[in-house]
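Here's the structure, in structure tokens; my notes come after.
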Amino acid sequence: MLRILGKIQRIGILTEAIPDSDEPALTEVGEQLRQHIGARFNGSLAIREVDAGSCNGCELEIQMLGNPYYSIERFGVHFVASPRFADMLLVTGPVSRHMEEALRRTYAATPEPRLVIAVGDCGACGGEFGTSYASCGAVANVIPVDAVIPGCPPTPLALMRGIIEAIRLR
Amino acid sequence: MTLHPALAPLVNHLLASGAKARHLSDQLAPAQLILVESDAWLTVAQSARALDFRWVAVWADDLRADNTVPATFAVNACFEKGGAYLVARTTLTSDHPVLASHTSIYAGADRPERHVHDLLGMVFEGHPDQRRWCRHQAWNDNEFPLRRDVPAAGTPPERTPADHQYNFLLAQGSGVYEIPVGPVHAGIIEPGHFRFQAVGETVLRLEERLAYTHKGIEKIAQGRDAAGLARLAGRVSGDSTVAHTWAACQAMERATRLELPERAQFLRALLCERERVANHLGDVGAMLNDVGFAFGAMQFSRLREIWQRMSGDVFGHRFMMDCIVPGGVARDLEQRFEASLQVQTDAMREQVKRLMTIINDLPSVTDRVRGAGILKPEHAKALGCLGYVGRASGHSVDVRRDAPYAPYDRLEVKVPLHHYGDVNARARVRLEEMAESFELMESLLDDLPAGDCGVPWKAPLAEAEGLGLIEGWRGEILTYVRFGADARVACFFPRDPSWTTWPALELLIHDNIVPDFPVCNKSVNGSYSGADL
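Going down the list, the sequences are from chains X and P.
The first sequence runs contiguously to residue 170 in our numbering.
The second sequence runs contiguously to residue 1533 in our numbering.
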């Protein structure tokens, strides 16, 4: 136990301020996110992630949002296990035809008002896979999409910006 | 011509068996290719089994350049022993696309044969499971999307319905109940369906239903150029982007007899070892998370983030996606980064060691992972389990050591081996593999040759074919590529190691409690996308 406490003390808090140099407006947007979540979602935005057929690259980066560097929960964002108590769907694609109905049902199970973000180049436009006998392509071909976060895969920072933007524009 | 000593008995046996076999030596080098009549297909597997060969893969190829009827198909089955690979090939026509199934001899052939049936219409006689595998409801049972006469667009229904009529095996009896899970899972993970039958908390049986992420990769590969295929291969399974791209490029380069500069080979290995470490760091953390040890989970996710940032800084992409290209690597390693990579490798080795000192001391963690999810050595061998899953159950396969490709032919690769086959053993193997990767990366950086990091791609001859064999972080990846008359890809088949470990999960979860499924699953961590294709 002492060693655990020692390690925790030595490592300290790693959570980074969103770097100003990267995009000066970002710190401000981060604050806006907190405010928007405060005003519209009573301080807490619940996200349900749906892999609708991705190569799993996007999932890896979305998982990274929870690591101590990004710690997305500090903005009031948390990932939930069911669409039934989600405010937002984060959908990665391309939407495989075998996931098409599951995605529709997940969307239907999400209470309104709901936001849908298509994540990654594949979710945004079909990416490397496009449309085929097996793939419906972009998420927007299957359910209504409010915003897209391009990238292959988008970095955690790009994901945070995209989520912030989607809420801000709403 | 000299045959690899491990192969000679099998090849000679087949040539003498009346299987009307013909031996072609170097077309698929380093593998040997043997052509057999279709009625000798069963003999091939029986002989291989009798000589203790491992079953590696089966794939099929529509050989037509147009829509000629009847179609001619080539079916390939690959076997390995002692690092020597044999590909047996037979041809069939669409009039009578019937072959003997290898599943009763090699259990690992089960789903791959059903996959070939669903996509090309090959009938495997004697297969114990006639249910569909990668086909759900997007195409009919009389349509075979991988056939040349079916356009990539296919004729999918306006709305593809849910696949709710699949016949799961049923367990019945008092107190037996079913837990259906997925395809949409609770965590941030890939989709698939698990059907548990349980008594109380104990899992009686698990049946997996995958192929939810089937994206038609083999079909949309056709007609691509080399660079396009490399990009697609990099998205077969995002977490193995380096290894899959390397396997595809290696197959294409062997098809065109393209020799790579040493520097390119060293850099590819450096990328691949970095990918191995990144995934092992992430998965060890995820396993700790699944046994409720948040401290360990956070620490390892911290290490993974540091590691990926360095990859991003040095190679331009956090997962090093598209860094390997046909003919070499996309971006040379700048000299100023060599020292930073060395420093990070040293630091990471130390960090992992310190964390493990803490974790090994905690009964609340060790109690959960010891004895959980035991994969028996005989099952690992029967399924041909690869990577850390096989190595934790006494089944040691590592292409880097057994059939070394450049630059591993110049390095000594030590492969960890455990025998108990539980979650703990798989975690140990991963930690030991990481330690070995640190050593390998140091050697690669120390001895990094000067020179070019690539050569110009050269157009392949018509019908050129090649086999890629790469040890990715999940284990051996086999990739087959054939070019058509137009120098474009005519056939692409990537065999992710997950094909061999998904069935193992069904076995190792038996008699464990349902709440231990997440950690058991994570200790295996099969790729859905990589096996769904």
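Every residue gets a Cβ at the ideal spot worked out from N, C-alpha and C, and that includes glycine.
Interface flag, residue i vs chain P, CB-CB below 9 Å
| i | result |
| --- | --- |
| X:LEU14 | yes |
| X:ASN56 | yes |
| X:ARG161 | no |
| X:GLN9 | no |
| X:ILE62 | yes |
| X:CYS136 | yes |
| X:VAL116 | no |
| X:CYS125 | no |
| X:PHE41 | no |
| X:GLY76 | no |
| X:ASN172 | No answer is possible for residue 172 of chain X: the residues shown for chain X start at 1 and end at 170. |
| X:PHE129 | yes |
| X:THR155 | yes |
| X:ILE149 | no |
Within-9 Å CB hit, residue i to chain X
| i | result |
| --- | --- |
| P:SER1301 | yes |
| P:TRP1139 | yes |
| P:PHE1315 | no |
| P:VAL1429 | no |
| P:THR1408 | The sequence as given places Tyr at residue 1408 of chain P; Thr does not occur at that position. Cβ-Cβ to chain X under 9 Å: no for P:TYR1408. |
| P:HIS1280 | no |
| P:ILE1324 | no |
| P:ARG1331 | no |
| P:PHE1493 | no |
| P:GLU1262 | no |
| P:PHE1517 | no |
| P:GLU1190 | yes |
| P:VAL1389 | no |
| P:GLY1187 | yes |
Closest residue to residue i among the options (Cα-Cα distance)
| i | options | result |
| --- | --- | --- |
| P:ALA1485 | P:LEU1411, P:LEU1063 and P:LEU1003 | P:LEU1063 |
| P:GLU1190 | X:GLU61, X:LEU2 and X:ALA138 | X:GLU61 |
| P:ALA1221 | P:GLY1238, P:PRO1151 and P:LEU1288 | P:PRO1151 |
| P:PHE1124 | P:SER1038, P:PHE1194 and P:HIS1185 | P:SER1038 |
| P:ARG1054 | P:VAL1075, P:LEU1007 and P:THR1093 | P:LEU1007 |
| X:GLY53 | X:ARG10, X:LEU45, X:PRO94 and X:MET64 | X:PRO94 |
| P:CYS1272 | P:ASN1012, P:ASP1322 and P:ILE1188 | P:ASP1322 |
| P:ALA1211 | P:HIS1193, P:ALA1227 and P:ALA1226 | P:HIS1193 |
| P:THR1256 | P:PHE1517, P:GLY1018 and P:ARG1488 | P:ARG1488 |
| P:VAL1075 | P:LEU1258, P:ALA1060 and P:GLU1506 | P:ALA1060 |
| P:ARG1089 | P:ASP1095, P:GLY1083, P:HIS1096 and P:PHE1079 | P:PHE1079 |
| P:VAL1069 | P:ASN1167, P:PRO1456, P:SER1094 and P:TYR1480 | P:SER1094 |
| P:PRO1183 | P:ARG1159, P:GLY1223, P:ARG1209 and P:PHE1168 | P:ARG1209 |
| P:ASP1332 | P:HIS1096, P:ASP1225 and P:ARG1268 | P:ARG1268 |
| X:ALA134 | P:ARG1410, P:GLU1476, P:VAL1176 and P:GLU1158 | P:GLU1158 |
| X:GLU49 | X:ILE164, X:HIS78, X:ARG3 and X:CYS125 | X:HIS78 |
Cβ neighbour criterion (16 or more within 10 Å) applied to residue i
| i | result |
| --- | --- |
| P:GLU1253 | buried |
| P:HIS1395 | buried |
| X:ILE8 | exposed |
| X:ASP20 | Any reading at X:ASP20 needs caution, since the residue's pLDDT is 47, under 50, leaving its predicted position unreliable; the model's value is listed next. Exposed, by the Cβ-count rule. |
| X:ALA25 | Bear in mind that the predicted position of X:ALA25 carries a pLDDT of just 45, short of 50, making it unreliable; the figure below should be weighed with that in mind. Answer is exposed; the Cβ neighbour count stays below 16. |
| P:ALA1016 | exposed |
| P:VAL1242 | buried |
| P:HIS1419 | exposed |
| X:ASN67 | buried |
| X:ARG40 | exposed |
| P:TYR1388 | buried |
| P:ASP1398 | buried |
| P:LEU1281 | buried |
| X:GLU23 | Because X:GLU23 carries a pLDDT of 47, less than 50, the predicted location of this residue cannot be relied on, and no value is offered for it. |
| P:TYR1085 | buried |
Validate contact between the stretch 99 to 118 of chain X and the stretch 1017 to 1030 of chain P using beta carbons, cut 8 Å, 3 pairs: no
Cβ pair count under 8 Å reaching 3, the stretch 1325 to 1343 of chain P against the stretch 1277 to 1297 of chain P: no
Secondary structure, beta strand (DSSP E): runs of 3+ residues fully inside the stretch 1189 to 1252 of chain P: 1193 to 1199 and 1202 to 1209
Three-pair Cβ contact test at 8 Å for the stretch 144 to 158 of chain X versus the stretch 55 to 62 of chain X: yes
Validate contact between the stretch 1203 to 1223 of chain P and the stretch 1141 to 1156 of chain P using beta carbons, cut 8 Å, 3 pairs: yes
Cβ pair count under 8 Å reaching 3, the stretch 1502 to 1515 of chain P against the stretch 1194 to 1206 of chain P: yes
Continuous alpha helix (DSSP H) assignments of at least 4 residues falling wholly in the stretch 36 to 62 of chain X: Fully enclosed alpha helix (DSSP H) runs of no fewer than 4 residues are not present anywhere in the stretch 36 to 62 of chain X.
Completely contained beta strand (DSSP E) runs for the stretch 1479 to 1503 of chain P, where each covers 3 or more residues: 1489 to 1495
contact_flag[the stretch 1376 to 1392 of chain P, the stretch 1420 to 1439 of chain P] where n(CB pairs < 8 Å) is 3 or more: yes
Length at least 4, wholly inside the stretch 1423 to 1474 of chain P: the alpha helix (DSSP H) runs in chain order: 1423 to 1446
Completely contained alpha helix (DSSP H) runs for the stretch 1321 to 1377 of chain P, where each covers 4 or more residues: 1335 to 1360 and 1363 to 1369
Stretch pair the stretch 1489 to 1501 of chain P + the stretch 1300 to 1307 of chain P: three plus CB contacts closer than 8 Å: At 8 Å Cβ cutoff, the stretches do not touch.
Continuous beta strand (DSSP E) assignments of at least 3 residues falling wholly in the stretch 1010 to 1080 of chain P: Within the stretch 1010 to 1080 of chain P, the complete beta strand (DSSP E) runs of at least 3 residues are 1022 to 1024, 1032 to 1035 and 1054 to 1062.
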